[in-house]
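Residue numbers for the sequence shown follow the working numbering, so the first one is 170 and each next one is one higher.
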Amino acid sequence: FCRKNSKEAQSTTATRTLLTLLPLFLFTQVFGLSSVAQVVLGKGNSGQYLSINMAFGIGVTLGIYAAGGISGAHLNAAITITQWILGNLSWTRLAAYITGQFLGSFMAAATVFALYYDAIYDYTQGNLTVSGPTATAMIFSTYPAPSVSLQGAFFTEFTATVMLILGVLVIHDEKNNAALKGAQPMLSGMLVLGIGLGMGLNTGYAINPSRDLPPRIFTAMAGWGMDVFT
Numbered sequence: 170f171c172r173k174n175s176k177e178a179q180s181t182t183a184t185r186t187l188l189t190l191l192p193l194f195l196f197t198q199v200f201g202l203s204s205v206a207q208v209v210l211g212k213g214n215s216g217q218y219l220s221i222n223m224a225f226g227i228g229v230t231l232g233i234y235a236a237g238g239i240s241g242a243h244l245n246a247a248i249t250i251t252q253w254i255l256g257n258l259s260w261t262r263l264a265a266y267i268t269g270q271f272l273g274s275f276m277a278a279a280t281v282f283a284l285y286y287d288a289i290y291d292y293t294q295g296n297l298t299v300s301g302p303t304a305t306a307m308i309f310s311t312y313p314a315p316s317v318s319l320q321g322a323f324f325t326e327f328t329a330t331v332m333l334i335l336g337v338l339v340i341h342d343e344k345n346n347a348a349l350k351g352a353q354p355m356l357s358g359m360l361v362l363g364i365g366l367g368m369g370l371n372t373g374y375a376i377n378p379s380r381d382l383p384p385r386i387f388t389a390m391a392g393w394g395m396d397v398f399t
């Protein structure tokens, strides 16, 4: 009986990991990163800053619709950790969700790299850089603007992440006039869109460790080197 329960628990954890990974991979990250690729590689002819924000908002919306009723659509490590701190998640769920987020985000970066491989190498002439006139690392991860200090970048990300968490709690809090369940994914996507439109200049608004770190690790492995961490 104990062995059976152990196997069932392992199966449930694996399922939650998969259900977190797939929406993040299929929708949120692929939509978002590919929109950045189009703007950068198309030199402004295949999209604008607004299209990036809209793509991330649409990706978040579809990701929540895809897995919201099954796993709670934990697409953001900051929100997942917040839910754990509030006592709404166990250690096992925390580990499962974050594992799924990181794997899904890494896979999304690899997919977008493969999708735009030819365009990236045509744009850079094979010189993959983090900064400079043909920099492309920002397709996958966020980097502060040249004029922004480390303190300014930290405050921007902290503020944007707090706004995201508060917005999500407002949208989903059933004790405080929460939105209808069917509208929650769309409102969450609009929340991300609003943060991008209002707080994206300084740092590109990562607002999600699982959105930024796995693609950064991927770019370090794919040819950009350790400069992605500096």
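Don't be surprised by glycine CBs; every beta carbon is placed ideally from N, CA and C. Values in this document were obtained by computation on a predicted structure and should not be read as measured data.
For residue i, the first and last residue of its enclosing alpha helix (DSSP H)
i, result
"Y286", "Y286 to T293"
"T399", "No alpha helix (DSSP H) holds T399; DSSP gives it neither H nor E."
"T249", "A246 to I254"
Spatial distance of residue i from residue j (CA atoms)
i, j, result
"N346", "Q252", "19 Å"
"G269", "T311", "21 Å"
"A278", "G228", "14 Å"
"I287", "T293", "Looking at the sequence shown, residue 287 is not Ile but Asp. Their backbone Cα atoms lie some 10 Å apart in a straight line."
"D230", "L333", "Contrary to the premise, residue 230 reads as Thr rather than Asp in this sequence. The straight-line gap from Cα to Cα measures roughly 14 Å."
"L195", "A304", "26 Å"
"A322", "I364", "15 Å"
"T298", "H341", "41 Å"
"A235", "G394", "35 Å"
"V122", "L382", "Because the chain here runs from 170 to 399, residue 122 falls outside it and cannot be looked at."
"V208", "P302", "14 Å"
"F387", "F275", "6 Å"
"G358", "G392", "32 Å"
"I376", "L202", "15 Å"
"G369", "V361", "10 Å"
"F200", "A264", "25 Å"
"G351", "W260", "29 Å"
"S316", "G232", "34 Å"
"H243", "L349", "18 Å"
Three-state class that DSSP yields for residue i in the structure shown
i, result
"F323", "helix"
"S379", "helix"
"A391", "helix"
"L258", "coil"
"A283", "helix"
"A242", "coil"
beta-carbon residue i near the ligand SAH non-hydrogen atom, thresh 6 Å
i, result
"K212", "Among the ligands in the structure shown, none appear at all, so the ligand SAH cannot be discussed."
Unbroken beta strand (DSSP E) runs of length 3 or more, entirely within the region 201-235: which are they?
none
Complete runs of the beta strand (DSSP E) confined to the region 290-375 [at least 3 residues]:
Entirely contained in the region 290-375, not one beta strand (DSSP E) run reaches 3 residues.
Quick check: the region 242-260 against the region 220-227, are at least 3 beta-carbon pairs closer than 8 Å?
no
For the structure I just gave you, are there three or more beta carbon pairs, one from the region 324-339 and one from the region 360-378, closer than 8 Å?
yes
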